[in-house]
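Each residue of the sequence shown is one higher than the last, beginning at 1 in our numbering.
For every residue, glycine included, the Cβ atom is placed at its ideal position computed from N, Cα and C.
Data block below; observations after.
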Amino acid sequence: MGHPVSPFDGTVSFALNGQPLSGDAGFTQSLDIERIEVLRGPQNILFGRSSQGGTINIVPNLPDWQRERRVAAQLGSDGQYLTDLIVGDAITDGVAARAAVRFAGADGYMDNVGTGNELGRNRLGAARGSVTFDLGYWTTLTATGYVERDRMRGATWVLREGPHESWLDKDPDATRRLRIGGLELKHAFRAFDLTASLGFQDIRLEQSTPTIDAHIYSQVLGVPASALVGLSSTNWAETKRTSAPGPAKSG
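Structure below.
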């Protein structure tokens, strides 16, 4: 199995309201979304070379001069929670705005004997905002922005017939930060709309993964698990990736 040279090298692309996105940002939160379009087949003309197999276009709700107030909350097992706050309204006759905020997370579901912490714990915060200006003569200008920060203490591997726990000297840790913005200028003709757009995205990923689980390697090597304690501190993988203006970085 190959690995893409960059997050823009794929066969199915992602887009946010028509703006092509890095694959690292494709799985954003479905926060205040109007619809998700699945476009089958090559979409190279509209979405570039990374969409030979199709494109998934996420279309958020935009300001429409209608007043809206919405609060939603969910609770689940293992400390799972999700809270949304959405507001939209007209500021003046020619300006409307909309904003949405989400906080979500969950406690861990698997113990790490090495640190005493629970693996699988995650915390997330996301916000989306947009402002639309009515310029007259059937022309509008819309500015949008989206930010997200997601941190997870992920679980790794367990033995099929063993304890439902890991034995790592350090906890796996992954963080993703997104900043996505766009400008859209639209003019409505009688038979069609003409749209010009400009986008910006800054995606930063950092991940640290220990590679030696004492439970698993004790079975592979035939030695006590206690003999492998301390090895994960020197045997671990770290990845840093940036999808932003300028070259992408990984290591």
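Count the other CB atoms within 10 Å of the CB of residue i; is the residue buried (16 or more) or exposed (fewer)?
i	result
tyrosine 137	exposed
tyrosine 217	buried
alanine 15	buried
alanine 182	Looking at the sequence itself, residue 182 is glycine, so the reference to alanine does not match. Counting Cβ neighbours within 10 Å, glycine 182 comes out buried, since at least 16 surround it.
leucine 32	At residue 32 the sequence reads aspartate, which differs from the leucine that was named. Buried, because 16 or more other Cβ atoms sit within 10 Å of the Cβ of aspartate 32.
serine 135	The sequence given here has leucine at residue 135, not serine. Flag for leucine 135 reads exposed.
serine 166	buried
aspartate 93	exposed
glutamate 161	exposed
isoleucine 180	buried
glycine 222	exposed
alanine 25	buried
For residue i, which residues in the same chain have their Cβ closer than 6 Å to its Cβ, ignoring the five residues on either side in sequence?
i	result
arginine 121	Asp107, Gly108 and Arg153
threonine 239	Gln207
glycine 125	Phe103 and Arg149
valine 101	Leu85 and Ala127
isoleucine 36	Ile58
isoleucine 91	Ala97
For a quick check, are the C-beta atoms of residue i and residue j less than 8 Å apart?
i	j	result
lysine 186	threonine 139	yes
glycine 23	glycine 41	no
aspartate 64	alanine 96	yes
tyrosine 146	leucine 119	no
threonine 144	arginine 204	no
serine 213	threonine 156	Correcting the residue type first, residue 213 is aspartate in the shown sequence and not serine. Yes, the pair counts as a contact, with Cβ atoms nearer than the cut-off.
glycine 230	leucine 168	no
asparagine 62	threonine 132	One detail in the question is off: residue 62 reads as leucine in this sequence, not asparagine. Cβ distance < 8 Å, so leucine 62 and threonine 132 count as in contact.
Between the options, which lies nearest to residue i when the distance is taken from Cα to Cα?
i	options	result
asparagine 57	Val12, Asp78 and Asp24	Val12
proline 210	Leu228, Leu75, Thr83 and Leu135	Leu228
alanine 188	Asp78, Gly145 and Leu141	Leu141
threonine 28	Glu184, Gln201 and Asp173	Gln201
glycine 116	Arg67, Thr195 and Pro172	Pro172
glutamine 80	Thr144, Arg123 and Gln43	Arg123
alanine 301	Pro60, Asn112, Gln74 and Asp78	Outside the shown range of the chain, which is 1 to 251, sits residue 301, and nothing can be said about it.
phenylalanine 47	Gln66, Leu21 and Ala72	Leu21
arginine 67	Gln74, Gln43 and Asp89	Asp89
Identify, in the order they occur along the chain, each residue of the same chain with its Cβ nearer than 7 Å to the Cβ of residue i, setting aside the five sequence neighbours on each side.
i	result
leucine 159	His215, Ile216 and Gln219
glycine 18	Asn57 and Ser197
alanine 237	Thr209 and Thr211
histidine 164	Met110 and Val158
Worksheet entry | Inside the segment 95–161 only - beta strand (DSSP E) runs reaching at least 3 residues | For the beta strand (DSSP E) assignment, the uninterrupted runs of no fewer than 3 residues enclosed by the segment 95–161 are, from N- to C-terminal side, 95–106, 110–112, 121–136 and 139–153.
Item to complete: Counting only runs of 4+ residues fully inside the segment 182–234, write out the alpha helix (DSSP H) ranges in chain order.
Response: Here the runs fully enclosed are 214–221.
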